[in-house]
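Quick note on the UniProt record's numbering: the sequence shown kicks off at 1 and runs consecutively.
Below is one structure, written out as structure tokens; comments come after it.
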Amino acid sequence: MSSGLTFGTIKRVGAILLAIAIVLAAGLVIFQAPAIFGVEEDPQASITFEDQRGDGESVTVDEVSLSEGGFVVVTGSDGETLAVSDYLEAGSHENVTIERNEDAQAELVGQLTATVHRDTNDDENFGYDDSDGEADPPYLEDGYPVSDTATVTGDTTDALDDSFTVESLSAPESATTNETIEITAEIANPTDLGSQQSVELRLDGDVLKQQTLELGAGETGEVAFEIETAGLAPGNRTIGVYTDGHGALDEIELTFHTTPGIEIVNGSDDSVTAAVATPEEGFVAVQDANGTVVGTSEVLSPGEHDNVTVEFDENATVEDDEELTAFVATGDPSEPENATPVEYEGERIETTFALADVPDGSDGGNESDAGGGE
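Written as structure tokens, this is what we have:
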């Protein structure tokens, strides 16, 4: 073998080894890029919030873990912030007690949701509500806030000395969302003086009705509340009867009274009118064959609604033979692109139609019945 050939071979082998080394080094740099360039993994959190008894002033979160520290925020069924924990360092925490906010409109009873929030401005003060959601947003998992829901029932051991007491509470175990139900409670005056006190009926912590009860010293009486379930969302709901410093809770399973659906009653070039049955608050959106929403209705409460009008956007062009889809969605009707379709038993509440196949409604006379159900 010639020396030239040997030298050339050595050069080629050296070049190959150098290339392999460069590739390996590049792979190592890429593998270590998050650490080198200060890029960290997405913040992570978890939370366990079990059902419990409480006094309305505080709740206990069984366990919460936060990769970057932050807060646990407790909200009621209407989304109101009722309590915020002290700042929590990164790591795991057990049996975290959270006190009710002084300005909270409701007590910490009923169905509550505990959500884990970050401390994005590093000031150890919760600023999500005051910043319209710009600061201290929730930790996310698969795009959804990390949270857990629990039912908190009232603790009767701390009743006021002069308060009437709720001795018993009677409510139906179940009902449909189109009937009238009666809830009764036995109220006692354990004091040595006759008195008048207000008795409240609450659903998931929200006051539905109240009445004044007068009882003599040591006397017991009964209060009865009649509740129309139309317009209430179905599901397992918590009923509570409260005096000044005492209360009792029960649960009722509300079932939607009919099959949810949409029927297009009539239509024109400018709008369509529909009959709608929805198990939750939402609105009707109509989208064209391209999936573009061309019109929305007003917000509808849970229940049945006749003559729901969906006005088409003034810039929308809808052909008579074009296939349209009307569906129920939750969110803001003015921002349908951010709305979420409502599902019932795994299926969207929707119908497809063409203007040519529905009665002509160009004569008008239909008004949206967004305010209530039949």
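Ideal Cβ positions, reconstructed from N, Cα and C, are used throughout, including at glycine.
Quick caveat: nothing in here was measured; it's all calculated off a predicted structure.
Terminal residues of the continuous beta strand (DSSP E) containing residue i?
i, result
"residue 166", "165-170"
"residue 393", "No answer is possible for residue 393: it lies beyond the span of the chain, which begins at 1 and ends at 374."
"residue 60", "58-66"
"residue 316", "Note, residue 316: premise wrong, no beta strand (DSSP E); not H, not E."
"residue 295", "293-296"
"residue 263", "261-267"
"residue 277", "271-278"
"residue 217", "Residue 217 -> no beta strand (DSSP E), and no H or E assigned at all."
"residue 110", "110-118"
"residue 349", "Note, residue 349: premise wrong, no beta strand (DSSP E); not H, not E."
Assign residue i to buried or exposed, taking buried as 16 or more other Cβ atoms, counted over all protein chains shown, within 10 Å of its Cβ.
i, result
"residue 133", "exposed"
"residue 45", "buried"
"residue 317", "exposed"
"residue 355", "buried"
"residue 128", "buried"
"residue 193", "exposed"
"residue 236", "exposed"
"residue 189", "buried"
"residue 77", "buried"
"residue 87", "exposed"
"residue 260", "buried"
"residue 85", "buried"
"residue 309", "buried"
"residue 336", "buried"
"residue 361", "buried"
So residue i packs on residue j, CB below 8 Å; how close in whole Å?
i, j, result
"residue 137", "residue 149", "That pair is no contact at about 19 Å."
"residue 174", "residue 185", "Residue 174 to residue 185, Cβ: 19 Å. No contact."
"residue 301", "residue 333", "That pair is no contact at about 14 Å."
"residue 197", "residue 225", "Not quite, the Cβ-Cβ distance comes to about 15 Å (not below 8 Å), so this is no contact."
"residue 328", "residue 284", "6 Å"
"residue 47", "residue 146", "6 Å"
"residue 95", "residue 60", "6 Å"
"residue 262", "residue 352", "Not confirmed; about 10 Å, so no contact."
Skipping 5 residues on each side, what residues in its chain have a beta carbon closer than 7 Å to that of residue i?
i, result
"residue 191", "162 and 217"
"residue 256", "177, 234 and 279"
Under 6 Å Cβ to Cβ from residue i, same chain only, skipping five residues before and after it: list those, please.
i, result
"residue 179", "229"
"residue 311", "271 and 295"
"residue 348", "327 and 341"
"residue 115", "73, 138, 145 and 147"
Would you say residue i reaches chain D, if we count a Cβ-Cβ gap shorter than 8 Å as a contact?
i, result
"residue 102", "Absent from the structure: chain D. Only one protein chain is present."
I'd like the list of long-range same chain contacts for residue i, defined as Cβ closer than 8 Å, with 5 residues on each side in sequence excluded.
i, result
"residue 212", "196, 197, 198 and 199"
(message) So, does the region 107-117 touch the region 199-208, judging by three or more C-beta pairs under 8 Å?
(response) yes
(request) Take every Cβ of the region 264-274, pair it with every Cβ of the region 244-255, and state whether three or more of those distances are shorter than 8 Å. (result) no
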